[in-house]
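S.K.: Take a look at this one; I'll ask things after.
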Amino acid sequence: MRTVRIIGAPTDYGANRRGVDMGPSAIRYAGLADQLASAGVDTVDSGDLLVPRAEERDPDAEAPAEGSAKFLRETADVCRRLGDEVAATLADGEVPLALGGDHSIAIGSLVGSARDAEIGAVWFDAHADLNTPTTTPSGNVHGMPLAAALGVGEFADTEWANAAGLSPENVVIVGLRSVDEAEAEFIRESEVTAFTMSEIDRRGVTPVVEEALAIAGTGVDGVHASLDLDWLDPHEAAGVGTPVRGGVTYREAHSAMEQVAESDLLRSMELVEVNPTLDQHNETAELATELAASAFGKRVL
Numbered sequence: 006m007r008t009v010r011i012i013g014a015p016t017d018y019g020a021n022r023r024g025v026d027m028g029p030s031a032i033r034y035a036g037l038a039d040q041l042a043s044a045g046v047d048t049v050d051s052g053d054l055l056v057p058r059a060e061e062r063d064p065d066a067e068a069p070a071e072g073s074a075k076f077l078r079e080t081a082d083v084c085r086r087l088g089d090e091v092a093a094t095l096a097d098g099e100v101p102l103a104l105g106g107d108h109s110i111a112i113g114s115l116v117g118s119a120r121d122a123e124i125g126a127v128w129f130d131a132h133a134d135l136n137t138p139t140t141t142p143s144g145n146v147h148g149m150p151l152a153a154a155l156g157v158g159e160f161a162d163t164e165w166a167n168a169a170g171l172s173p174e175n176v177v178i179v180g181l182r183s184v185d186e187a188e189a190e191f192i193r194e195s196e197v198t199a200f201t202m203s204e205i206d207r208r209g210v211t212p213v214v215e216e217a218l219a220i221a222g223t224g225v226d227g228v229h230a231s232l233d234l235d236w237l238d239p240h241e242a243a244g245v246g247t248p249v250r251g252g253v254t255y256r257e258a259h260s261a262m263e264q265v266a267e268s269d270l271l272r273s274m275e276l277v278e279v280n281p282t283l284d285q286h287n288e289t290a291e292l293a294t295e296l297a298a299s300a301f302g303k304r305v306l
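Add 5 to a position in the sequence shown, counting from 1, and you land on the number used in the numbering used here.
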């Protein structure tokens, strides 16, 4: 029986709306441990990383020479510590499940997962997260983690971010529907694979996710699954900071996570962008727990 180690990273440094730092607590309160137990896995909860409040920090204290990246110093610190936790979890033979917080924590998850292995990544998200400090329209780092892990632009010489050593040909984004022009240009010119919601509409979620996992898993030791809850349609997941209409349905999301489990490629995972201050009755956090259970093998029969 596998053991999943839950690691909370309650940060909202990367987001433009406060509240997502309460995501780990909301997900736990929604019954994450019970859901994972129903999937047939043991759980160990290592608690939360200590993350100082954003209000206690200067967002521009270590701003890049060009462009904008708010709370970059604080994000780097959280990601370094999360990376160490993820790497230690894998060294102990357990599967790390990081709870955000905003999506900037994925930098730490990826770096930790790749410390002693080559990995691919499947990015379940409405957004590409491929901005850099000079292309970002907002300066929010939760729109940059994939660029950081790939060493794009200003992140090329940032060891804390691009130590994951991700190969673009093993990175797949699934469910895109909100992409900035600089991100679109990067995708067109790189070997990153991106499936838009239109592709899911045409082909169905099952063949798209099957292909995504095959691409991400080729020639690597395992795959990191990054699940941003804004991947789902806002009618399904209201408690997110950057909702975009036209996302996947409840059933499509479960089908995708079931395929993640069936692939036997899952090495590490994170659930991010649950904001209970924007939610109703903690429904988005509950959905996050259900999807995690599907990713770890829960089935109807």
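Just so you know, even glycine gets a beta-carbon here, dropped at the ideal spot from N, CA and C.
Rounded to a whole number of angstroms, what is the C-alpha to C-alpha distance between Ile12 and Asp39?
M.R.: Ile12 and Asp39: Cα-Cα distance of roughly 16 Å.
S.K.: My output table needs one value for Asp233: the three-state DSSP class, helix, strand or coil.
M.R.: In this structure, Asp233 counts as strand in the three-state DSSP scheme.
S.K.: Which residues mark the beginning and the end of the beta strand (DSSP E) in which Leu270 is found?
M.R.: That residue, Leu270, is in no beta strand (DSSP E); it is neither H nor E in DSSP.
S.K.: In three-state terms, what does DSSP make of Leu115?
M.R.: Helix.
S.K.: By DSSP's criteria, Ile32 is part of a beta bridge. Which residues make up the other side?
M.R.: DSSP, once it has assigned bridges, lists no residue as partnering Ile32.
S.K.: If I measure Cβ to Cβ from Ala119 and keep anything under 6 Å in the same chain, skipping five residues before and after, which residues do I get?
M.R.: If we look at Ala119 and ignore the five residues flanking it on each side, its Cβ neighbours are Ala169 and Gly170.
S.K.: Return yes when the Cβ of Phe191 is within less than 8 Å of the Cβ of Val146, no when it is not.
M.R.: Taking 8 Å as the Cβ cut-off, Val146 and Phe191 do not qualify as a contacting pair.
S.K.: Determine the DSSP secondary structure at Leu55, reduced to helix, strand or coil.
M.R.: Coil at Leu55, not helix or strand.
S.K.: Return yes when the Cβ of Gly246 is within less than 8 Å of the Cβ of Leu283, no when it is not.
M.R.: Yes, Cβ-Cβ distance for Leu283 and Gly246 is below 8 Å.
S.K.: Does the pairing of the segment 89-96 with the segment 123-141 give three or more beta-carbon distances under 8 Å?
M.R.: They do not touch, by the three-pair rule.
S.K.: Return the chain-ordered list of same chain residues with a C-beta closer than 8 Å to the C-beta of Gly24, the five sequence neighbours on each side being excluded.
M.R.: Closer than 8 Å at Cβ, skipping near neighbours: Asp17, Gly246, Asn280, Pro281, Thr282 and Leu283.
S.K.: Per DSSP, which one or two residues make a beta bridge with Pro101?
M.R.: Bridge partners of Pro101: Arg10.
S.K.: Taking a contact to mean a Cβ-Cβ separation below 8 Å, would you say Val277 touches Asp107 in this structure?
M.R.: A contact, by the Cβ cut-off of 8 Å.
S.K.: Got a sec: does the ligand FMN put a non-hydrogen atom nearer than 7 Å to the Cβ of Ser299?
M.R.: Although the ligand FMN was asked about, the structure shown includes no ligands whatsoever.
S.K.: Helix, strand or coil for Phe160, going by three-state DSSP, please let me know.
M.R.: Helix at Phe160.
S.K.: What's the C-alpha gap between His286 and Arg85?
M.R.: Taking the straight line from one Cα to the other gives about 33 Å.
S.K.: Exposed or buried, which one is Val116 when buried takes at least 16 other CB atoms within 10 Å?
M.R.: Under this definition Val116 is a buried residue.
S.K.: Over the uninterrupted beta strand (DSSP E) stretch that includes Thr198, give me the two end residues.
M.R.: Note, Thr198: beta strand (DSSP E), Thr198 to Thr201.
S.K.: Take the Cβ of Arg193 as the centre, count every other Cβ of all protein chains shown within 10 Å, and call the residue buried at 16 or more, exposed below.
M.R.: Arg193 is exposed by the Cβ-count criterion.
S.K.: For Leu55, is the classification buried or exposed, using 16 other Cβ atoms within 10 angstroms of its Cβ as the cut-off for buried?
M.R.: It is exposed - the Cβ of Leu55 has fewer than 16 other Cβ atoms within 10 Å.
S.K.: Compute the distance between the beta-carbons of Ser114 and Ser273, then report whether it is under 8 Å.
M.R.: It is a contact, given that the beta carbons lie within the stated cut-off.
S.K.: Could you name the residues that DSSP lists as bridge partners for Val312?
M.R.: The shown model of the chain, from 6 to 306, leaves out residue 312, and the question about it has no answer.
S.K.: Just verifying my parser: in three-state terms, what is the DSSP assignment at Thr211?
M.R.: Helix.
S.K.: If I follow the unbroken beta strand (DSSP E) through Gly88, where does it start and stop?
M.R.: Careful: Gly88 lies outside any beta strand (DSSP E), inside the alpha helix (DSSP H) at Leu77 to Ala96.
S.K.: Under 8 Å between the Cβ atoms of Gly28 and Leu104?
M.R.: Cβ atoms of Gly28 and Leu104: closer than 8 Å.
S.K.: Taking the alpha-carbon of Glu60 as reference, which of Ile110, Leu102 and Asn21 has the nearest alpha-carbon?
M.R.: Taking only the C-alpha atoms, the option nearest Glu60 is Asn21.
S.K.: Taking a contact to mean a Cβ-Cβ separation below 8 Å, would you say Ala298 touches Leu271 in this structure?
M.R.: No. Outside cutoff.
S.K.: Would Ala219 be called buried (16 or more neighbouring beta carbons within 10 Å of its own) or exposed?
M.R.: So Ala219 counts as exposed.
S.K.: Tell me the rounded alpha-carbon separation between Asn167 and Tyr255.
M.R.: Rounded to the nearest angstrom, the two C-alpha atoms are 33 Å apart.
S.K.: Please return the same chain residues whose Cβ sits closer than 6 Å to the Cβ of Glu291, not counting the five positions on each side in sequence.
M.R.: Excluding residues within five positions, the ones whose Cβ falls inside 6 Å are Ala35.
S.K.: Compute the Euclidean distance between the alpha carbons of Thr48 and Val9, then round it to the nearest angstrom.
M.R.: C-alpha separation (whole angstroms): 5 Å.
S.K.: Which residue from Thr201, His259 and Ala126 puts its Cα closest to that of Val225?
M.R.: Taking only the C-alpha atoms, the option nearest Val225 is Ala126.
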